[in-house]
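Some notes on the structure that comes next.
Residue numbers (the UniProt record's numbering): 1 to 549.
In structure tokens:
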């Protein structure tokens, strides 16, 4: 209930007294009580009328309407799920409120008439802030979504803002504009109204998907250029971009290398901002939003996929993720004792889990590499042979030979320029070089040096060491009627920890057939390792592994 001294002004305000209304507005702007706001709202709305003209003079002064709009906007700030009385008041008064907005939005917001300019951005601010606050209530959000032409209006303001934000008209405003994305976005996020909303949005731009996608991306870039950085607005923009890109018709446009680069750069910019505890909540949400967009894009099978991963990496995705960790780790409690306690907490984070897996794997591989280097020290002549078809006659091969590598395929070695030219002119490297480059670019094949092959052999041997008895038991259980030579061991190194499976060997499988060429015993098992190479798992013949060894 309104205090008695304020309630006394209500009858006069209802009769149109500006003085009485001024007192009610003054009280409303200072009150935090939702019931007070609900009582005052219909009085405020009743004073919103289309400015009538008497000659060139407006009956209702502009500054008076600005005051009324401010009072209504202030009341909308208290809308949430815990204020049903205020939600009910806005629901009841919305038709009259929307009629007034519809009447003034066309001639005063969309108009390019100089006389409308004083109104344009005040009305823009009022409409955007009001709709944004009303969407905090699901009841009101549904009511807004069903309002004829509201979505068209919000979409127009959303496009207008990004088109005019850098113009002198906007730069010279005394008060910064609210982000229209925060009024436009909730309808995209809300699954119940999303389909109808997208249809209305596209109707507003005559079905131009590319235009909507372009505006969404421009809003993200604009929010990154704004000084000071507003993480809440930036988070809204990347959220809108992500939800739009989940809609099939927008996916091919928004899951592009161009967009990946823009989102990655935005994440890197946010990560580079000096840490501020006051900004931490929304900066973390923004960084998480960027990472979510990139993750969905790179893992989605019907988008640009692996080339998207490459684009993300080239745009600085990894460094952006690492630099962003200061925003997340700063909130961890400092341990009172051993520093290892904090390290244990880090292992619960996805990034921490991935890092410790990588650390463990790297340590294992380094140990194997050190062992191999200690055992095998081939001379230069043994390790690398000149590719010149006449290499056996070449007098320069030896311990101190300076070995040259083909700059195109980087797979062929030569002891001198003369040998390289000879092989190109009289040998077969001209054709081989083209084939190697083609397979490397396609990602369908690659080659190993002798040292690399020995290294992979060592990794597989280490993996199988101690598992021979288990593998023998598994073979007898799964393939009791097959001889050892018909059962292969497959190790998948594209996942961690590595998976080991037994498979039946058939000569229909080209990969097993290649390995079979090197079979030395009918009591040996074929081993195949699947190695990560870019985005393509590639097969490589490894070795014959004798079950009895």
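The C-beta atom is built at its ideal place from N, Cα and C for all residues, glycine as well.
Please read all numbers here as calculations on a predicted model, not as lab measurements.
What does a CB cutoff of less than 8 Å around residue i pick up in its chain, not counting 5 residues either side in sequence?
i: residue 337; result: Since pLDDT at residue 337 reaches only 45, below the 50 mark, its modelled position is unreliable, and the value read off the structure follows with that caveat. Once the five neighbours on either side are set aside, residue 337 has no close Cβ partner at all.
i: residue 365; result: 459
i: residue 463; result: 491, 498 and 500
i: residue 165; result: 177 and 222
i: residue 467; result: 500
Determine, using beta carbons only, whether residue i and residue j come nearer to each other than 8 Å.
i: residue 127; j: residue 101; result: yes
i: residue 320; j: residue 262; result: no
i: residue 64; j: residue 79; result: no
i: residue 188; j: residue 240; result: yes
i: residue 286; j: residue 213; result: no
i: residue 87; j: residue 157; result: no
i: residue 109; j: residue 124; result: yes
i: residue 573; j: residue 155; result: Missing from the structure shown is residue 573; the chain here goes from 1 to 549 and no further.
i: residue 326; j: residue 275; result: yes
i: residue 242; j: residue 289; result: yes
i: residue 493; j: residue 438; result: no
i: residue 121; j: residue 173; result: yes
i: residue 386; j: residue 433; result: no
i: residue 282; j: residue 231; result: yes
i: residue 371; j: residue 454; result: no
i: residue 13; j: residue 43; result: yes
i: residue 504; j: residue 471; result: no
Between which residues of its own chain and residue i is the CB-CB distance below 7 Å, once the five residues before and five after are set aside?
i: residue 589; result: Within the shown structure, residues of the chain are numbered from 1 to 549, placing residue 589 beyond reach of any answer.
i: residue 9; result: 20, 23 and 24
i: residue 253; result: 209, 210 and 213
i: residue 340; result: Summary for residue 340: the model assigns pLDDT 44, below 50, so the residue's position carries little reliability, and this model does not support an answer.
i: residue 47; result: 21 and 68
i: residue 247; result: 198
Below 8 Å on the Cβ atoms is my contact criterion, and I expect residue i with residue j to pass it. Report the Cβ-Cβ distance as a whole number of Å.
i: residue 266; j: residue 322; result: About 16 Å separates the two Cβ atoms, so there is no contact after all.
i: residue 217; j: residue 259; result: 6 Å
i: residue 210; j: residue 152; result: Their Cβ separation, rounded to whole angstroms, is 19 Å, which puts residue 210 and residue 152 out of contact at 8 Å.
i: residue 328; j: residue 284; result: 6 Å
i: residue 35; j: residue 85; result: 6 Å
i: residue 70; j: residue 130; result: In fact, because the Cβ distance is near 11 Å, the residues do not count as touching under 8 Å.
Would you mind working out which of the options sits nearest residue i, comparing C-alpha positions?
i: residue 223; options: 424, 236 and 70; result: 236
i: residue 526; options: 495, 494 and 489; result: 489
i: residue 474; options: 459, 500, 230 and 465; result: 500
i: residue 296; options: 470, 251 and 498; result: 251
i: residue 32; options: 414, 246, 494 and 2; result: 2
i: residue 66; options: 498, 22 and 502; result: 22
i: residue 367; options: 253, 456, 184 and 246; result: 456
i: residue 264; options: 418, 30, 163 and 294; result: 294
i: residue 143; options: 374, 97, 171 and 177; result: 97
i: residue 83; options: 133, 11, 203 and 46; result: 133
i: residue 145; options: 186, 420 and 166; result: 186
i: residue 30; options: 38, 12, 15 and 74; result: 74
i: residue 229; options: 407, 477 and 269; result: 269
i: residue 502; options: 487, 427 and 363; result: 487
i: residue 226; options: 5, 408 and 162; result: 162
Ordered along the chain, which non-local residues of its own chain (more than five positions away) have a Cβ less than 6 Å from that of residue i?
i: residue 430; result: 424
i: residue 179; result: 233
i: residue 159; result: 215
i: residue 136; result: 79 and 80
i: residue 45; result: 93, 96 and 97
i: residue 426; result: none
### Minimum length 4: unbroken alpha helix (DSSP H) runs contained in the segment 154-238
168-171, 181-189, 191-204 and 209-225
### Task
Mind listing, in chain order, the continuous beta strand (DSSP E) runs of no fewer than 3 residues lying wholly within the segment 259-304?
none
### Task
Could you pull out every unbroken beta strand (DSSP E) segment of at least 3 residues lying fully inside the segment 463-502, listed in chain order?
487-492
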